[in-house]
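Novice:
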Amino acid sequence: MTTPAGRAASRTAPVELELTLRGVPIDEALVHYVRESAGKLSRIAGPAARWHVRIQATASGARPSYEVAIEVAAPAARISLRHADPDEFLAVRDAFDLVNQQLDAPPEPVASAN
Numbered sequence: 005m006t007t008p009a010g011r012a013a014s015r016t017a018p019v020e021l022e023l024t025l026r027g028v029p030i031d032e033a034l035v036h037y038v039r040e041s042a043g044k045l046s047r048i049a050g051p052a053a054r055w056h057v058r059i060q061a062t063a064s065g066a067r068p069s070y071e072v073a074i075e076v077a078a079p080a081a082r083i084s085l086r087h088a089d090p091d092e093f094l095a096v097r098d099a100f101d102l103v104n105q106q107l108d109a110p111p112e113p114v115a116s117a118n
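Take any residue in the sequence shown, note its place counting from 1, add 4, and you have its number in the numbering used here.
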């Protein structure tokens with residue numbers, strides 16, 4: 005199921021966010037958490053950043069797990085990553101922490117053609 009998550013709350017920057025839930029029941033607290041997290045990082049990524057966050061329930065043995073995939077398309081960076089955890093909120097938190105680390109990292113030098 006894909007839901008347009010809309011814009012983040014007024015305390016954060018406006019965000020173009022697409023949230024996809026697969027095998028995960030719609031939980032307004034989780035949706036709000038994703039909006040807030042993307043809104044906070046939009047200050048770094050820039051107002052033109054587009055976010056696609058996918059949360060998918062996966063079966064790993066007897067215990068369910070949640071995989072979070074985040075794609076950010078911003079003028080200064082393109083980021084795509086995945087993170088999994090048995091708790092959906094921790095999976096989202098950790099995935100956004102990884103995005104934050106990548107946004108804060110200095111850009112890699114471009115090799116010259118000399």
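Beta carbons: idealized from backbone N, C-alpha and C, even for Gly.
Could you check the C-alpha separation between A53 and L102 for me, to the nearest Å?
Specialist: Looking at the two C-alpha atoms, the distance is approximately 16 Å.
Novice: Taking DSSP's pairing of strands, which residues face V76 in a bridge?
Specialist: V76 pairs with W55 and I83.
Novice: From E40, I74, D89 and I83, pick the residue whose C-alpha is nearest to that of P68; which is it?
Specialist: Residue D89 is the option with its Cα nearest to P68.
Novice: Taking Cβ positions, are R26 and A78 nearer each other than 8 Å?
Specialist: The answer is no: Cβ separation not under 8 Å.
Novice: Please state whether the Cβ-Cβ distance between V19 and G43 is less than 8 Å.
Specialist: Yes, Cβ-Cβ distance for V19 and G43 is below 8 Å.
Novice: Let me check understanding here. Comparing Cα to Cα, which of A109, R47 and E92 lies closest to A73?
Specialist: Residue E92 is the option with its Cα nearest to A73.
Novice: Going by DSSP in three states, D98 sits in which element: helix, strand or coil?
Specialist: Helix at D98.
Novice: Taking L107 as the reference, which of A95, L85, T24 and L94 has the closest Cα?
Specialist: Looking at the Cα atoms, L85 is the closest of the given residues.
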